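Enquirer: Numbering (our numbering), first residue to last: 201 to 539.
Don't be surprised by glycine CBs; every beta carbon is placed ideally from N, CA and C.
None of the values given here were measured: they were computed from a predicted structure.
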Amino acid sequence: MRWGTVGVGLVLAAADIHDNNTSTALWCLVVIAYAGLRTIRPLQATDDLTSALTVGAEVALHVIVVTSTGYWDSPFVFSLITAIIVAGFSRGFAFSLLVAAASVAAVTVPEYLRTDQHDLRVAAQWTSEMVLIALVAGFARRISGEADRQQTLALDRLGRLADANALLFSLHRVAQSLPASLDLDEALDSTMSRLRDLFDYTAAALLLFDDADHGWVVARREGTRLPHRITAEELPPALTAAVAQRDTVSEANLLVSGGPGLAPRMYSGVYTVLLARGAVIGLVSLEHPDANHFTERDAELLKGFAEPAALALDNARWFGRLRTVGAEEERTRIARDLH
201 MRWGTVGVGL VLAAADIHDN NTSTALWCLV VIAYAGLRTI RPLQATDDLT
251 SALTVGAEVA LHVIVVTSTG YWDSPFVFSL ITAIIVAGFS RGFAFSLLVA
301 AASVAAVTVP EYLRTDQHDL RVAAQWTSEM VLIALVAGFA RRISGEADRQ
351 QTLALDRLGR LADANALLFS LHRVAQSLPA SLDLDEALDS TMSRLRDLFD
401 YTAAALLLFD DADHGWVVAR REGTRLPHRI TAEELPPALT AAVAQRDTVS
451 EANLLVSGGP GLAPRMYSGV YTVLLARGAV IGLVSLEHPD ANHFTERDAE
501 LLKGFAEPAA LALDNARWFG RLRTVGAEEE RTRIARDLH
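(1) Please report the straight-line C-alpha distance between residue 241 and residue 354, rounded to a whole angstrom.
(2) Can you tell me where the beta strand (DSSP E) with residue 480 in it begins and where it stops?
(3) If we ignore side chains and look at the alpha-carbon of each, how far apart do residue 503 and residue 409 end up?
(4) How big is the Cα-Cα spacing for residue 356 and residue 282?
(5) Counting beta carbon pairs with one atom in the stretch 490-505 and one in the stretch 397-409, are three or more of them shorter than 8 Å?
(6) Residue 442 and residue 448 - do their beta-carbons sit closer together than 8 Å?
(7) Could you spell out where the beta strand (DSSP E) holding residue 385 opens and where it closes?
(8) Measuring only the C-alpha atoms, how far is residue 269 from residue 299?
(9) Looking only at its chain, what residues have a beta carbon closer than 7 Å to the beta carbon of residue 517, apart from the 5 residues adjacent to it on each side?
(10) Can you check whether the CB of residue 284 is closer than 8 Å to the CB of residue 333?
(11) By the DSSP assignment, the beta strand (DSSP E) with residue 418 in it spans what residues?
(12) Have a look at residue 303 and residue 351 and give me their C-alpha separation to the nearest angstrom.
(13) Per DSSP, what kind of secondary structure is residue 462 in: helix, strand or coil?
(14) Buried or exposed: where does residue 379 fall if 16 or more other Cβ atoms within 10 Å of its Cβ makes it buried?
(15) Can you say whether residue 347 is buried or exposed, counting buried as having 16 or more other CB atoms within 10 angstroms of its CB?
(16) What span of residues does the beta strand (DSSP E) with residue 469 cover, start to end?
(17) Let me make sure I understand the geometry here. Which of 426, 405, 411, 522 has the alpha-carbon closest to that of residue 483?
(18) Would you check if the stretch 307-316 and the stretch 248-262 touch, i.e. whether three or more CB-CB distances between them fall below 8 Å?
(19) List the residues that DSSP assigns as beta-bridge partners of residue 406.
(20) So residue 295 packs on residue 287, CB below 8 Å; how close in whole Å?
(21) Between which residues of its own chain and residue 486 is the CB-CB distance below 6 Å, once the five residues before and five after are set aside?
(22) For residue 275, tell me which candidate among 227, 411, 252 has the shortest Cα-Cα distance.
(23) Return the residue from the list 444, 265, 505, 460 that minimises the CA-CA distance to residue 480.
(24) Counting C-beta neighbours from all protein chains within 10 Å, is the total for residue 514 16 or more, i.e. buried, or is it exposed?
(25) Alpha carbon to alpha carbon, what distance is there between residue 453 and residue 519?
(26) Tell me where the alpha helix (DSSP H) around residue 290 begins and ends.
(27) List the whole-angstrom C-beta distance separating residue 438 from residue 451, where the pair is believed to meet the contact cut-off of C-beta under 8 Å.
(28) Using a Cβ-Cβ cut-off of 8 Å (strictly less than) and excluding sequence neighbours within five positions of residue 506, which residues of its own chain qualify?
(29) Do you know how far the Cα of residue 434 is from the Cα of residue 498?
(30) So residue 512 and residue 387 are in contact, right, with Cβ under 8 Å, and what is the actual spacing, rounded?
(31) Taking its Cβ as the centre, do 16 or more other Cβ atoms sit within 10 Å of residue 429, making it buried, or is it exposed?
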């Protein structure tokens, strides 16, 4: 687009250059040099102040070129179109119309003041064309913005479907492992393996609730050292909040709120409870040394994962208790028979 307007300007300026018009030739070099610069470093169509000032500088440059080479009769008048189009794509209708109006005024007013013969028909024609270009550019921005929003929504839906697929696959694997996970150690190892598959973390811990003293047993841990038992008072604030809310808690920056974490030198974490038979039987802690590492999707994924994992662990715990009771009864029966 930019080189197209430059090319038109060069064609129209050829006659003046042929007549040894030095001013037009010099301005040709300026316009070509600027077009080359913008080819290497294009204008950025953004909503910030820097973009607006850059567009304003381009308009000012081309207004000077146009007013120096014949006002509306200038061969470079088409160069004003590029700045208007960029303004429309960067900020929409209002900004592009403002740039168009400023361009027209900056060319028309000096031409009107320099002569007593005021024929504004040419100025009116260019004004109409500039306004039309501004409207088209603004409309193009609206269409492209709507397309970007639709693409963002589609990508977001696709991401959620991918997360749901990963979650369903994990839940399917957990469900398949339930009959074979009546051994507590196997169930714990299986749960940690699923967590490694689903999440990117540096430190993880799986705590089981002890009914005897209402403390927490560190059943499994990765990436950190923890004591074998943690009392309720020693739980980090984020885990305490998860227990109180019976829900998943995500902390984007443990230095600001919810800290410290379960592992040292961790800046973000996501925590959830394991619920079975209406009671909290365990806790899951995932932490990372980078702030804002875990997303809302991670929290949703962990929350969905917690229910089947809690069921598997609860089954394994009850099976272990029944097996212990059965062994005690068998030993009692044997001792009675021997006696």
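Expert: On the basis of the data shown:
(1) 31 Å
(2) 479-488
(3) 18 Å
(4) 34 Å
(5) yes
(6) yes
(7) Element bounds for residue 385: not the beta strand (DSSP E) but the alpha helix (DSSP H), 384-398.
(8) 21 Å
(9) 384
(10) yes
(11) 415-422
(12) 35 Å
(13) coil
(14) Since pLDDT at residue 379 reaches only 46, below the 50 mark, its modelled position is unreliable, and the value read off the structure follows with that caveat. Exposed, since its Cβ has fewer than 16 Cβ neighbours within 10 Å.
(15) exposed
(16) 468-476
(17) 405
(18) no
(19) 420, 484
(20) 5 Å
(21) 399, 401, 404, 470
(22) 227
(23) 444
(24) buried
(25) 40 Å
(26) 280-291
(27) 5 Å
(28) 448, 472, 473, 474, 475, 484
(29) 25 Å
(30) 5 Å
(31) exposed
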